[in-house]
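A.B. asks: Counting in our numbering, the sequence shown tops out at residue 1429, every number present.
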Amino acid sequence: MTGDRTFPPGFLWGAATAAYQIEGAVDVDGRGPSVWDVFAAVPGAVVGGASGATACDHYHRYREDVALVRDLGLAAYRFSTAWPRVMPDGRTANPAGLAFYDRLVDTLLEHGIAPVLTLYHWDLPQSLEERGGWLDRDIASWFTDYALTVHNRLGDRVRSWTTLNEPFCSAFLGYGTGEHAPGRRCHRDALRAAHHHLLAHGHAAMALRSSGVTDLAIALNFSPALADAPDHHDAVRRFDAVHNRFFLDPVLGLGYPPDLLDDIAHLDGLTPAVQDGDLAVIAEPVDWIGVNYYAPTRVASLPDPTEPSNCPLPGLRGMSVLPPRGPLTVTGWEQHPDSLTDLLVHLAERTGKPLVVAENGSAFPDVVDADGRVRDHQRVRYLAEHLRAVHAAIQAGADVRGYLAWSLLDNFEWASGYGPRFGVVHVDFDSQRRVVKDSGRFLAQVASRNAVPGLGDRFD
Ligand code: FCB
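Written out as C-alpha cells, the structure is:
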C-alpha cells in the first residue's frame, strides 16, 4: 500500500493476556484461592458481581487459543503464570499447576510462538495476603522462591521473563483507592506495598539472573500527563512523579525521585519502608522495559496547594486529574496516539534500554453480526493509529523491539467485569466460542507484512 510504514526487521508482533483474566478453573488441579477470587466475592467490588471463576476457560481451551495466535501469524504470546496455581498456599509447589504451564509452553513452541512469561499479574495467593501480602517485607523472598520454582520448571524452554506487571496498579489501586484486590484504602499502605513490589522485583531479578536468564524485564504502565497551560507544569511534574517515575527510576538505579519524596513526605509511608541496601537490590539491571500504554492523563494545578488530589494516591496534594477528552473508548480512556510516540521517545532517551510495548489496546462495544463477523472498525483505527505512533517513535530513534496487543481475547477486565471487551478475538462467555474480530485480521496483516498501512490506505 502507498503509505506503508515498515518496521525494523525482526520486530516482534504478539498479543498479551493474564492468568486471572482468562484461565478460569480456579479450583481445578489444586489451585488455591487468590486475592482476586476473594475480592470479586465482595458485593459491589466488581461490576455485575462477576469473577474470573470461568473467564475464557483458557485452562481447558489453551490449545485452541494457542492455535488462534498461530493463525494470526503472531510470533510472540505474552501470558502470566498464576502464583496460586503454581503454589496454592503461596509457598509450596503444586506439580499439577506447574504441569499446566508446561503444556502451554510446549504447545506454543510446537507452533513456533515465543513465550513471553510474566510472573505476577496481580493474583496473589490469598494465604499470603492473610500473612500481610504486599505489606510484609518478606514478600520479596516469597516472590523470589515462586519465581525460581517457575524458572526451574520452564527455564529450559522460556527465554523471556518479566517479573511484575504494573506494580502501580497492584499497589495503588489495591491498597490506596481500593478499586482492586485486596481492596484496601490507605495511602500509607499503598506506598509501603509499592516499595515491596519493587523490592520483590529486584530480589527475583537477581535470582533469575543467577539462574542464567538473559532476557529479563519489568512491565510498567505509563500515563503521560498533559496540561493545557504552562502554569500547570507543577501538576504535570507531580503526576509524572507518582505515576511514572516512582517505579521507573528505582529500576534504573536512580532511586526514588527526590521531588516525589518531597511531594509525599507528609504521607509518611515510603521512607519508613525503605531499608539500607534496598535501592541497590531494586537496581538490578533489566534487559528491556515493558511499556504498557493506553491513554494520557489530563491534569491541572490546584489553587490551594494543600488541597488533596483526586489522583490514585489519596493524600497527594497540589494537583487534580481532569476529565479525559474525546474521542474516548468505552472505558472512558482518551485516544491520544501522539502521547505514545512522545512516551517511547522519552523512555528510550531516559532508560537507554530496548523497549517493548507490552500492552496497548482499547475496548469498544463489539457485536457479532448476523454473518458471524465482528466489524470492530473503531479498534482497527485505534490499533492503526497507535502502531503508526510506535513507528514514528522508532523513526525518531527509539529502540522499540516489539508490540504485544492487549488483548488476545475478550476477558475479565478486573473491577469492570466482562463489560469492556479488549480482545482482537471475540469471546462469547456463554458458549466460549471464539471469533477473530476484524482487528485480529488487521493485526495479522500488519504482522505478516511487518508494516502498518498509512493514513489514507484502507484495510478490508
Ligand atoms: C492493564 C492491565 C491489563 C488490562 C488492561 C486493560 O492495566 O495490565 O490486565 O486490564 O489494563
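Using N, Cα and C, we set each Cβ at its ideal position, and we do this for glycine too.
Small disclaimer: the values here were computed from a predicted structure and weren't measured.
#1: As a quick exercise: from Arg1157, His1166 and Gly1124, pick the residue whose alpha carbon is nearest that of Asp1089.
#2: What is the rounded straight-line gap between the Cα of Thr1183 and the Cα of Trp1257?
#3: Any heavy atom of ligand 1 closer than 7 Å to the beta-carbon of Asn1261?
#4: Just how far apart, CA to CA, sit Val1200 and Ala1065?
#5: Kindly indicate the opening and closing residues of the alpha helix (DSSP H) around Leu1324.
#6: Looking at the strands, I want to know which residues DSSP matches up with Trp982.
#7: Work out the CA separation of His1170 and Leu1177 for me, nearest whole Å.
#8: Are there any heavy atoms of ligand 1 lying less than 7 Å away from the beta-carbon of Trp1375, as far as the coordinates show?
#9: Taking Pro1084 as part of the beta strand (DSSP E), name the residues at either end of that continuous run.
#10: Which residue or residues does DSSP assign as beta-bridge partners of His1395?
#11: Would His1395 and Asp1379 qualify as a contact pair, given that the criterion is a beta-carbon distance under 8 Å?
#12: Should Asn1121 be labelled buried (16 or more other beta-carbon atoms within 10 Å of its own) or exposed?
#13: Within the present structure, is the beta-carbon of Glu1328 separated from the nearest heavy atom of ligand 1 by less than 7 Å?
#14: Can Val1119 and Val1055 be called in contact, C-beta distance under 8 Å?
#15: Please determine if the segment 1142 to 1157 and the segment 1206 to 1216 are in contact, where contact requires at least 3 C-beta pairs separated by less than 8 Å.
#16: By Cβ distance below 8 Å, which residues in the same chain neighbour Gly1238 in space, the five residues on each side in sequence not counted?
#17: My assumption, with CB atoms under 8 Å, is that Tyr1046 sits in contact with Ile1082. Please give the rounded CB distance.
#18: Cβ atoms of Ala1327 and Phe1391: under 8 Å apart, would you say?
#19: Say the cut is 7 Å; is the CB of Asn1279 nearer than that to a heavy atom of ligand 2?
C.D. replies: Put simply:
#1: First, the residue type needs correcting, since residue 1089 is Tyr and not Asp in the sequence shown. Of Arg1157, His1166 and Gly1124, the residue nearest in Cα terms is His1166.
#2: 10 Å
#3: Because some heavy atom of ligand 1 lies under 7 Å away, the Cβ of Asn1261 counts as near it: yes.
#4: Rather than Val, the amino acid found at residue 1200 in this sequence is Asp. Distance between Asp1200 and Ala1065, taken at the CA atoms: about 58 Å.
#5: Here Leu1324 belongs to no alpha helix (DSSP H); instead the beta strand (DSSP E) covers Leu1324 to Glu1328.
#6: Tyr1372
#7: 10 Å
#8: Yes, Cβ of Trp1375 sits closer than 7 Å to a heavy atom of ligand 1.
#9: Ala1083 to Tyr1089
#10: DSSP lists Val1404 as partners of His1395.
#11: Cβ atoms of His1395 and Asp1379: closer than 8 Å.
#12: exposed
#13: For ligand 1, at least one heavy atom lies less than 7 Å from the Cβ of Glu1328.
#14: yes
#15: no
#16: His1156, Arg1157, Asp1158, Ala1159, Leu1160 and Arg1161
#17: 5 Å
#18: no
#19: This structure lacks ligand 2; the ligands present are ligand 1.
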